[in-house]
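Protein chains in written order, with the working numbering: chain A, 1 to 207; chain B, 1001 to 1207.
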DNA sequence: TATTTGTATTTTGTATACAAAATACATTTT
DNA sequence: AAAATGTATTTTGTATACAAAATACAAATA
């Protein structure tokens, strides 16, 4: 009966999906045995996944009460954007300082397919946007920064608002950030990256 | 035999201490049953603690191989300082924007006992410094920021270098940061907070 | 002697059993 | 009817058992 291949990863992935796609609703209690049975594993590997998710802020543990799917309020989402502003700003700065042409190329590639296009496909652009912000961090080679950033990343998806602003508006901002990095202007790169996040963050307030 | 009172917390605290005070050395493998026996608990609550510590970056899990006390290299420590620079800078900015007099008071209190003193006691000052940087984050009321910052905090202690610079030098910088927050100057507050970290970070390089 | 192979031991990953706490729900009391 | 109480059920936290992987180490081979 024992399957061996580390249930860890698959269980973690599955539970995460269930939360992100709403199969497990916000605030809902996660009854361990129920979910464990559903996934065909015991409570032990499920618990491991749940603890990882707790640290990713997707799940909340109340001692002796159980694990609950975390619900994220407006305030918290706003706060997350503040963190992103600080971290992505720093990432842009680091990249501009390093003058890594390889990195610049990869950043540019995210938006290659949109230049000179009249009608931008929202889904394609959403993925490009996600990729851009993700690799902006990764390309710095700063492991702690990458790990830390993971939190904010998650939440964007949880709230599932998709893009807050129109592609035409943000595409230009992305290009500006990449430009400053390419020119090796740390001050400017950070400034643009922060403004980019801030513009979305402000939008959250008037909503 | 069963004790009930959530072994979670005590086990977590104890293992963390063992890592921080060197009882468990960097790179050392944590043999679960050995440590569990030592603490008088089973592997289950120990595992929970270990997973929490993994997410705090103190422990590293290699599947099917075990948990190891993480060893931190120069590069990583440097990278952590970069993160601190971004996060503490943002925290200072937020506080300066909020104009929270209560917060300013608490920050000032950290260093009250050192003003006009000739010979600053290193141990007392070390604690004050730790407290200052910790509450600088907490006072923002930005929960994700607080959670995220926890990482960096840990590492400072792990490396156990204590203070990198002389109290006389850093005290002045602390005062400047608090001053800018008090005057409600976000730009300046962030600038000073970042310079403060940066000065220490640069010192790491020439070491 | 250095390298490989095979076997015994250790240790992890998972499942499961069970006590104590939490919850649900019916019954009694106000 | 609303509140309080008591009992049954569920669910968590912990300990433990066991298979499979990893490791250690001895013997065999080149």
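Glycine included, each C-beta is placed from N, C-alpha and C at the ideal position.
Once you ignore the five residues that flank residue i on each side, which residues in its own chain have a CB closer than 8 Å to its CB?
| i | result |
| --- | --- |
| residue 23 of chain A | 17 |
| residue 1025 of chain B | 1069 |
| residue 1012 of chain B | 1048, 1049, 1052, 1053 |
| residue 1173 of chain B | 1192, 1195, 1196, 1199 |
| residue 1181 of chain B | 1092, 1095, 1096, 1103, 1104, 1107, 1189 |
| residue 150 of chain A | 56 |
Look up residue i in the DSSP assignment and give the residues it is bridged to.
| i | result |
| --- | --- |
| residue 1030 of chain B | B:1067 |
| residue 60 of chain A | A:68 |
Using a Cβ-Cβ cutoff of less than 6 Å, which residues in the same chain neighbour residue i once the five nearest sequence positions on both sides are dropped?
| i | result |
| --- | --- |
| residue 2 of chain A | Confidence at residue 2 of chain A is low in this model, with a pLDDT of 30, below 50, so its placement is unreliable and no value can be given for it. |
| residue 152 of chain A | 80, 83, 84 |
| residue 99 of chain A | 184 |
| residue 201 of chain A | 81 |
Just the Cα atoms here: how many angstroms apart are residue i and residue j?
| i | j | result |
| --- | --- | --- |
| residue 146 of chain A | residue 97 of chain A | 18 Å |
| residue 1175 of chain B | residue 1108 of chain B | 8 Å |
| residue 1069 of chain B | residue 9 of chain A | 21 Å |
| residue 169 of chain A | residue 123 of chain A | 16 Å |
| residue 1133 of chain B | residue 117 of chain A | 48 Å |
| residue 32 of chain A | residue 1154 of chain B | 31 Å |
| residue 1189 of chain B | residue 1171 of chain B | 15 Å |
| residue 1037 of chain B | residue 1065 of chain B | 20 Å |
| residue 1196 of chain B | residue 1119 of chain B | 22 Å |
| residue 103 of chain A | residue 14 of chain A | 32 Å |
| residue 29 of chain A | residue 55 of chain A | 17 Å |
| residue 35 of chain A | residue 57 of chain A | 19 Å |
| residue 1115 of chain B | residue 1089 of chain B | 24 Å |
| residue 67 of chain A | residue 1166 of chain B | 46 Å |
| residue 1205 of chain B | residue 1074 of chain B | 8 Å |
| residue 1207 of chain B | residue 1072 of chain B | 15 Å |
| residue 1077 of chain B | residue 121 of chain A | 42 Å |
| residue 1087 of chain B | residue 1040 of chain B | 39 Å |
| residue 1162 of chain B | residue 46 of chain A | 39 Å |
| residue 112 of chain A | residue 137 of chain A | 19 Å |
| residue 59 of chain A | residue 135 of chain A | 26 Å |
| residue 1164 of chain B | residue 1179 of chain B | 23 Å |
| residue 1027 of chain B | residue 144 of chain A | 18 Å |
According to DSSP, is residue i helix, strand or coil?
| i | result |
| --- | --- |
| residue 1117 of chain B | coil |
| residue 1001 of chain B | Confidence at residue 1001 of chain B is low in this model, with a pLDDT of 30, below 50, so its placement is unreliable and no value can be given for it. |
| residue 1201 of chain B | helix |
| residue 1165 of chain B | coil |
| residue 8 of chain A | helix |
| residue 1153 of chain B | helix |
| residue 1089 of chain B | helix |
| residue 17 of chain A | helix |
| residue 82 of chain A | helix |
| residue 1140 of chain B | coil |
| residue 55 of chain A | helix |
| residue 41 of chain A | coil |
| residue 100 of chain A | coil |
| residue 207 of chain A | coil |
| residue 176 of chain A | helix |
| residue 1183 of chain B | coil |
| residue 25 of chain A | coil |
For a test of your reading of the model: does the CB of residue i fall under 7 Å from any non-hydrogen atom of the ligand MG? Yes or no.
| i | result |
| --- | --- |
| residue 63 of chain A | As far as ligands go, the structure on display features none, and thus does not contain the ligand MG. |
Should residue i be labelled buried (16 or more other beta-carbon atoms within 10 Å of its own) or exposed?
| i | result |
| --- | --- |
| residue 4 of chain A | Residue placement at residue 4 of chain A cannot be trusted, given a pLDDT of 40 that sits under 50; the coordinates are not used to answer. |
| residue 1044 of chain B | exposed |
| residue 1042 of chain B | exposed |
| residue 1063 of chain B | exposed |
| residue 129 of chain A | buried |
| residue 203 of chain A | exposed |
| residue 1187 of chain B | exposed |
Closer than 7 Å by C-beta to residue i: which residues in its own chain qualify, once you throw out the five before and the five after it? Chain order, please.
| i | result |
| --- | --- |
| residue 1094 of chain B | 1140, 1142 |
| residue 177 of chain A | 92, 189, 192, 193, 196 |
| residue 1110 of chain B | 1128, 1131, 1132 |
| residue 101 of chain A | none |
| residue 1126 of chain B | 1162, 1163 |
| residue 61 of chain A | 54, 67 |
| residue 148 of chain A | 87 |
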